[in-house]
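Position one of the sequence shown corresponds to residue 685 (the working numbering), numbered consecutively onward.
The structure appears right after this line, and notes come after that.
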Amino acid sequence: MEALSTQLRHDQMGTIPSRGTYSSPGLRQAPLMSQWWKDLAFLHWPYEPEIVQRLLPEGLVLDTHDDAAWVGLIPFTMKDIRFRRGPAVPLLGTFPEVNVRTYVVGPNGDRAVWFFSLDVPRLIPSLVARTVFDLPYHWGSGKARQSGDMHHWSVRRRGPGRVSSEIAVEFGEPLARSELTSLERFLTDRWSLVTCTRGRLRHAQIHHPQWQLRRGQVVHLADQLVEAAGLPAPESQPTVFASDGVPVWATRSSSFS
């Protein structure tokens with residue numbers, strides 16, 4: 685915990701606030717688990733707020749940028765999952781994830797992430813995440829591979845419909861913090877997630893170092909996950925950026941006080 689506290693203080697001092705975002709507040713309770721999010725691509729599309737708001741539970745409000753709701757398709761690799769101070773759990777291993785998300789303001793005023801779905805090829809991690817965080821994980825098949833700066837991800841969900849997603853993104857040059865747009869900060873400076881269990885909103889705190897973002901270019905995209913979430917198919921090319929990844933700490937989910 686001492687090392688974590690030092691990391692939290694260091695990251696907060698380095699945060700550059702901007703309109704619509706804020707510095708990490710740190711964790712207000714001890715983290716339940718840690719993990720690495722590696723080789724992420726961020727694909728986002730603007731939507732009419734009314735279209736996205738109708739898919740959210742009562743009491744949850746969209747966070748908008750330039751009067752638009754933003755829906756993200758985020759592929760990455762999950763690794764080194766640890767509980768509290770324990771070692772990485774070999775049984776959970778390293779695996780790809782593709783999630784569909786939007787951005788919200790919780791009842792406590794925190795700007796947060798709302799997940800429509802999270803697809804992984806490992807049954808145990810999906811069950812753990814559903815139990816601990818009340819997150820809508822789906823189990824299926826999936827692969828991630830890399831060749832230089834080219835990154836490929838694919839997932840296919842088990843069960844009815846067997847929806848899938850195939851994504852290839854070329855990672856580009858690094859972006860300095862001073863180069864980031866207000867939209868890029870809006871989409872990445874998020875320090876909590878919100879879930880809904882039996883009609884009750886819950887939240888968990890998230891902390892990680894500031895994203896070191898890179899430019900990104902979509903080389904291939906064949907996705908069914910966004911529409912499976914109940915959203916219309918995107919009508920434009922996505923806004924794209926990427927990151928080599930960050931270590932992440934997360935608390936247990938709890939009810940809003």
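Ideal placement from N, C-alpha and C gives every residue a C-beta, glycine not left out.
- By the neighbour-count definition (other C-beta atoms within 10 Å, threshold 16), His749 is a buried residue.
- For Arg829, the CB contacts under 7 Å within the same chain, skipping 5 residues up- and downstream, are His836 in chain order.
- Assignment of Val847 by DSSP, reduced to helix, strand and coil, places it in the coil class.
- If you draw a straight line from the Cα of Ser831 to the Cα of Pro709, it comes to about 37 Å.
- Rounded to the nearest whole angstrom, the C-alpha separation of Val903 and Pro780 is 18 Å.
- For Arg768 against Leu716, the beta-carbon gap comes to about 7 Å, under 8 Å, which counts as contact.
- Distances from the alpha-carbon of Arg936 to those of Ala796, Ala912, Ala813 and His728 put Ala813 closest.
- Counting along the chain, Arg869 sits inside the alpha helix (DSSP H) bounded by residues Ser866 to Thr872.
- Taking 8 Å as the cut-off, the Cβ atoms of Ser825 and Val782 do not count as close.
- Using a C-beta cut-off of 8 Å, the segment 841-848 makes no contact with the segment 882-899, since fewer than three inter-stretch Cβ pairs fall below that distance.
- CA-CA distance, Ala796 to His822, rounds to 21 Å.
- Note that the C-beta distance between Trp729 and Val745 is not below 8 Å.
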